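These notes concern the structure reproduced below.
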Amino acid sequence: MEENKKIRVLVIFGGQSGEHEVSIVSANSIINALNPEKYDVQTIGITKEGLWYWGANPKEWNSNKINSNLKKVTIVLDPQEPGFIALDGSDLPNNGKCDIIFPVLHGPKGEDGTVQGLFEIGGIPYVGSGVLGSSLGMDKDRMKAVFKNAELPIVPHITLFRSELENMDNIFDKIMSKIGCPCFIKPANLGSSVGISKVTEMNQLAKALNYAAKFDIKIIVEKGIKAREIELSVLGNENVSVSTPGEIIPSKEFYDYEAKYNDQNSQLIIPAPLPPETTKLLQEYAIKAFKAVDAKGLGRVDFFVTEDQSIFVNEINTMPGFTQISMYPKLWEASGLKYSDLLDELINLGFERFEQKKII
768 MEENKKIRVL VIFGGQSGEH EVSIVSANSI INALNPEKYD VQTIGITKEG
818 LWYWGANPKE WNSNKINSNL KKVTIVLDPQ EPGFIALDGS DLPNNGKCDI
868 IFPVLHGPKG EDGTVQGLFE IGGIPYVGSG VLGSSLGMDK DRMKAVFKNA
918 ELPIVPHITL FRSELENMDN IFDKIMSKIG CPCFIKPANL GSSVGISKVT
968 EMNQLAKALN YAAKFDIKII VEKGIKAREI ELSVLGNENV SVSTPGEIIP
1018 SKEFYDYEAK YNDQNSQLII PAPLPPETTK LLQEYAIKAF KAVDAKGLGR
1068 VDFFVTEDQS IFVNEINTMP GFTQISMYPK LWEASGLKYS DLLDELINLG
1118 FERFEQKKII
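In terms of our numbering, the sequence shown is residues 768 to 1127.
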């Protein structure tokens, strides 16, 4: 990178997952915080149908009503000349070139290793985890298997497939014998609490299972435990840093999609009031979980902490929400790293990882 030359950052948002709207808000926050003295920011919005449009503004984005001035684009899979081209053959700013991509995409076909693989083939640096870390971070079933192999404590759970729901009697017996009630029913491949239900009685199971099955072919059934919800932010590639812990106190029975993004009554307490030894163990587990899934750049690790200070790793998010009320940047702000400086560091880590892979 030439000295004093602005870094060309391409922010990609939207996508085909159930977290499309969250991505828009996250991208808007990031774009507003990127220093215009350092960065030349361009954007691509991805519709819910999977079409990519250069120049999309997250403030005005409507996946169902695309501005006629936006240009439909595709990636050029040529490591010698990486970038994007307009499908109508017209010119793009910077000739469709960028120095690094910031994929502000949450959920399948964005946070699950798919677009990361595309950028790898295209030879373009990007922020965040690679193909393996992203895919493990998205699939709760495989993620939990990796955590268990790393000897991290996890809540008892079973995995079901959508096809198994044809025989509900067998499913009910399996859930009650291995998990019991209360339990949580989750799609394996979504974040932001999309598709999750809390089940407290047997007669709620069928509805919750069918609801989760709308979002994924794999369904996680997890034992419900009485615990505090604690989150930590992780930053780095090989050498990682971990934030102070934060606690979520939802206004509802559990921290669902509405509580995360629309409910101003849920509380985020930073730092979480915890014994020093519990905080230390949480930070150790957060780093261990981050490395176990081969995450890179950033990750938010979510925990349950019971009254007797037992700790369970819930999940890792490899591209956590970046809205103004999101826990990931708030934890770093409380740890002394400002939002804009955090973005600088994430971009630097993306370049670092790209250079390390080039050496290989």
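For each residue, glycine too, the CB sits at the ideal point set by N, CA and C.
What you are looking at is a predicted structure, and each value in this text was computed from that prediction instead of being measured.
Is residue i near residue j, with beta carbons less than 9 Å apart?
i: alanine 1062; j: threonine 1045; result: no
i: leucine 899; j: lysine 1055; result: no
i: phenylalanine 928; j: valine 961; result: no
i: alanine 800; j: leucine 1065; result: no
i: isoleucine 867; j: proline 846; result: no
i: glutamate 998; j: methionine 1094; result: yes
i: threonine 1073; j: proline 1038; result: no
i: serine 784; j: glycine 874; result: yes
i: serine 930; j: isoleucine 992; result: no
i: valine 988; j: isoleucine 952; result: yes
i: leucine 903; j: isoleucine 842; result: no
i: leucine 932; j: leucine 976; result: yes
i: tryptophan 819; j: lysine 839; result: yes
In the structure shown, what three-state DSSP assignment does residue i receive?
i: histidine 787; result: helix
i: phenylalanine 869; result: strand
i: valine 894; result: coil
i: tryptophan 821; result: strand
i: leucine 1109; result: helix
i: lysine 1097; result: helix
i: phenylalanine 951; result: strand
i: glutamate 931; result: helix
i: valine 913; result: helix
i: phenylalanine 851; result: strand
i: serine 830; result: coil
i: serine 959; result: The predicted position of serine 959 is uncertain, since its pLDDT is 49 and thus under 50; a value taken from the coordinates is nonetheless stated next. In this structure, serine 959 counts as coil in the three-state DSSP scheme.
i: leucine 1035; result: strand
i: glutamate 1014; result: strand
i: glycine 1117; result: helix
i: isoleucine 942; result: helix
i: glycine 900; result: helix
i: serine 964; result: strand
i: serine 1000; result: strand
i: isoleucine 797; result: helix
Whole angstroms is fine: what's the gap from residue i's alpha carbon to residue j's?
i: glycine 824; j: serine 793; result: Glycine is not the amino acid found at residue 824; the sequence shown has asparagine there. Those two C-alpha atoms are separated by around 12 Å.
i: tryptophan 821; j: leucine 837; result: 6 Å
i: serine 896; j: valine 882; result: 11 Å
i: valine 966; j: proline 1087; result: 26 Å
i: isoleucine 1016; j: glycine 817; result: 35 Å
i: glycine 947; j: glutamate 1112; result: 44 Å
i: isoleucine 963; j: glycine 1013; result: 22 Å
i: proline 949; j: arginine 995; result: 16 Å
i: serine 959; j: leucine 844; result: At serine 959, the pLDDT of 49 sits below 50, so the modelled position is not reliable; the number obtained from the coordinates is stated separately. Their Cα atoms are separated by approximately 31 Å.
i: phenylalanine 869; j: isoleucine 1114; result: 8 Å
i: leucine 804; j: isoleucine 925; result: Checking the sequence, you will find glutamate at residue 804 rather than leucine. Approximately 50 Å between the Cα atoms of the pair.
i: alanine 1059; j: glutamate 827; result: 39 Å
i: isoleucine 774; j: methionine 935; result: 55 Å
i: valine 922; j: glycine 877; result: 27 Å
i: lysine 1125; j: isoleucine 1092; result: 36 Å
i: serine 835; j: isoleucine 1083; result: 38 Å
i: methionine 910; j: glutamine 1050; result: 18 Å
i: tyrosine 978; j: asparagine 970; result: 14 Å
i: tyrosine 1106; j: glutamate 848; result: 32 Å
i: asparagine 1006; j: glutamine 1034; result: 31 Å
i: tyrosine 1022; j: aspartate 1075; result: With a pLDDT of 46 at tyrosine 1022, under the threshold of 50, the modelled position of that residue is not reliable, and no figure is offered here.
i: leucine 859; j: leucine 1041; result: 52 Å
i: glutamine 1123; j: glycine 890; result: 13 Å
With a 10 Å radius around its C-beta and 16 neighbouring C-beta atoms as the bar for buried, classify residue i as buried or exposed.
i: glycine 1117; result: buried
i: threonine 814; result: buried
i: lysine 907; result: buried
i: asparagine 795; result: buried
i: threonine 1090; result: buried
i: aspartate 879; result: buried
i: proline 1043; result: exposed
i: methionine 943; result: exposed
i: asparagine 956; result: buried
i: asparagine 1081; result: buried
i: aspartate 1069; result: buried
i: proline 954; result: buried
i: glycine 1103; result: exposed
i: glutamate 1036; result: Here the sequence assigns isoleucine to residue 1036, which means glutamate is not the residue at that position. Its Cβ having fewer than 16 others within 10 Å, isoleucine 1036 is exposed.
i: glycine 856; result: exposed
i: serine 1077; result: exposed
i: isoleucine 986; result: buried
i: isoleucine 798; result: buried
i: lysine 1097; result: buried
Would you say residue i lies against chain D (beta-carbon separation less than 9 Å)?
i: histidine 873; result: Of the protein chains in the structure, only one exists, and it is not chain D.
Count Cβ pairs between the segment 844-857 and the segment 778-795 that sit closer than 8 Å; are there 3 or more?
No, they do not touch.
Flag this pair as touching only if the segment 929-948 and the segment 1002-1014 have three or more C-beta atom pairs under 8 Å; answer yes or no.
As far as the Cβ criterion goes, the segment 929-948 does not touch the segment 1002-1014, which means the pair count is below three.
Does the segment 771-781 touch the segment 803-812, meaning 3 or more C-beta pairs lie closer than 8 Å?
The answer is yes - the segment 771-781 touches the segment 803-812, with three or more Cβ pairs under 8 Å.
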